[in-house]
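Colleague: Numbering (my numbering), first residue to last: 620 to 902. We put the beta carbon where it would ideally sit given N, CA and C, even for glycine.
(1) Where do the ends of the beta strand (DSSP E) carrying residue 828 lie?
(2) Can you check the segment 672-755 for any alpha helix (DSSP H) of at least 4 residues that lies completely inside it and give the ranges in chain order?
(3) Assuming residue 825 and residue 818 make a contact with CB atoms under 8 angstroms, what is their CB distance in whole Å?
(4) Which residues in the same chain have their Cβ closer than 7 angstroms to the Cβ of residue 636, if we skip the five residues on either side of it in sequence?
(5) Quickly, what does DSSP pair residue 641 with across the bridge? List them, please.
(6) Let me check one thing: in DSSP terms, what residues is residue 760 bridge-paired to?
(7) Taking just the CA atoms, how far does residue 841 sit from residue 865?
(8) Ends of the beta strand (DSSP E) at residue 772?
(9) Please report the straight-line C-alpha distance between residue 641 and residue 658, rounded to a whole angstrom.
(10) If I measure Cβ to Cβ from residue 715 and keep anything under 8 angstroms in the same chain, skipping five residues before and after, which residues do I get?
(11) Identify whether residue 865 lies in helix, strand or coil by the three-state DSSP scheme.
(12) Starting from the Cα of residue 813, find the closest Cα among 749, 784, 754 and give me that residue.
(13) Taking three-plus beta-carbon pairs below 8 angstroms as touching, is the segment 730-748 in contact with the segment 757-764?
(14) Classify residue 754 as buried or exposed, calling it buried when 16 or more other Cβ atoms lie within 10 Å of its own Cβ.
(15) Can you tell me which of the three DSSP states residue 837 falls into?
(16) From 829, 654, 740, pick the residue whose C-alpha is nearest to that of residue 698; which is it?
(17) Take residue 678 as the anchor and find which of 645, 662, 703, 724 has the nearest alpha-carbon.
(18) Reducing DSSP to helix, strand and coil, say where residue 808 ends up.
(19) Give me, in chain order, the residues of the same chain whose beta-carbon lies closer than 6 angstroms to that of residue 651; leave out the 5 immediate sequence neighbours on both sides.
(20) Under a three-way DSSP split, which group does residue 769 fall into?
(21) DSSP three-state call for residue 832: helix, strand or coil?
Following this line, the structure appears as C-alpha cells:
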C-alpha cells in the first residue's frame with residue numbers, strides 16, 4: 620500500500636514538473652514576443668522535451684510535436700509581421716522535433732534494454748542481488764533471492780545488507796577479492812533468513828560498476844546437508860567395517876590359537892602313544 624502511494628505521488632510530481640516547465644516556456648514566449656525579445660525564449664522549450672524523454676520516452680515524439688506546434692503558433696500569432704522571426708521559428712520547430720525523435724529513440728532503446736535485463740533477473744534460476752560497496756545498502760534483488768531467504772522483495776530493498784549477511788569480515792574479504800580483479804570468483808558464505816535460519820550460499824560477482832557489486836547466489840544448504848549425511852553414512856560404514864575387520868581378526872587369532880593348541884595336543888598324544896608302545900616292546 621505504501622509503495623502504491625509512493626508511485627502515485629511520484630507520477631503526480633513528474634506531471635507537475637513537466638506542466639510547470641511547459642507553462643514557464645509558454646509564458647516566457649508570450650512575454651518575449653510582446654516585448655520584442657527573440658534571442659532566449661526558444662531554448663526554454665528544450666527543457667520540457669528532455670523531461671518528457673526522461674519520464675515518458677514512448678510519448679516524447681508526440682509531445683515534441685505538440686510543444687513545437689504550440690511554439691510556432693505563438694510566434695505566428697504574436698509576431699506574424701516579422702517574417703524573419705517566423706522563419707527562425709520554423710527552424711526551431713524542426714530542431715525540437717529532431718531532439719524529440721533522436722532522444723526518444725535512445726531512451727526507448729535504453730528502456731527496452733532495462734526491461735530485458737529486469738526480465739532476465741526476475742526469471743533467473745539463481746538468486747540475484749546488488750549492494751553498495753561503501754554504504755552496504757541492498758540496491759536490487761530478484762524475487763528468487765528474496766524467496767530463498769523467506770522474505771518479500773520489498774522487505775529487503777533499500778535495507779542494509781548486514782541484515783542478511785551478518786559476518787562483516789567475510790563480506791569485506793569478498794569485496795577485497797572482487798576489487799582485486801581475480802576471476803572466476805566463487806565464495807561460500809552464510810546468510811541469515813527471515814526466521815533466523817542460517818543458510819549456505821555460493822555467490823559470484825556478475826558486474827562491478829559505480830561502487831556497486833551485482834552478484835548471483837546459489838543456495839547450497841540442502842547440498843551441504845546431503846553431503847554431510849553421505850559423509851556421516853560413509854564414516855559409519857567405515858567404522859562398521861573396521862569393527863567387523865577387528866572382530867574377524869580376533870576370531871582368526873582365536874582359531875589360530877585353537878589350531879595350535881589342537882596340534883600341541885595331537886603332538887603330545889602321539890608322543891605318549893609312542894612312549895607307551897616302546898614300554899610294551901621292552902621284555
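Modeller: In this structure, then:
(1) Unbroken beta strand (DSSP E) run through residue 828: 817-828.
(2) 679-697, 702-741
(3) Not quite, the Cβ-Cβ distance comes to about 20 angstroms (not below 8 angstroms), so this is no contact.
(4) 670
(5) DSSP lists no partner for residue 641.
(6) 748
(7) 36 angstroms
(8) Segment 772-775 is the alpha helix (DSSP H) holding residue 772; no beta strand (DSSP E) there.
(9) 18 angstroms
(10) Correct list, in chain order: 664, 665, 668, 683, 686, 687, 690.
(11) helix
(12) 784
(13) yes
(14) exposed
(15) strand
(16) Looking at the Cα atoms, 654 is the closest of the given residues.
(17) 724
(18) strand
(19) Only 660 meet the Cβ criterion.
(20) Here residue 769 sits in coil by DSSP.
(21) strand
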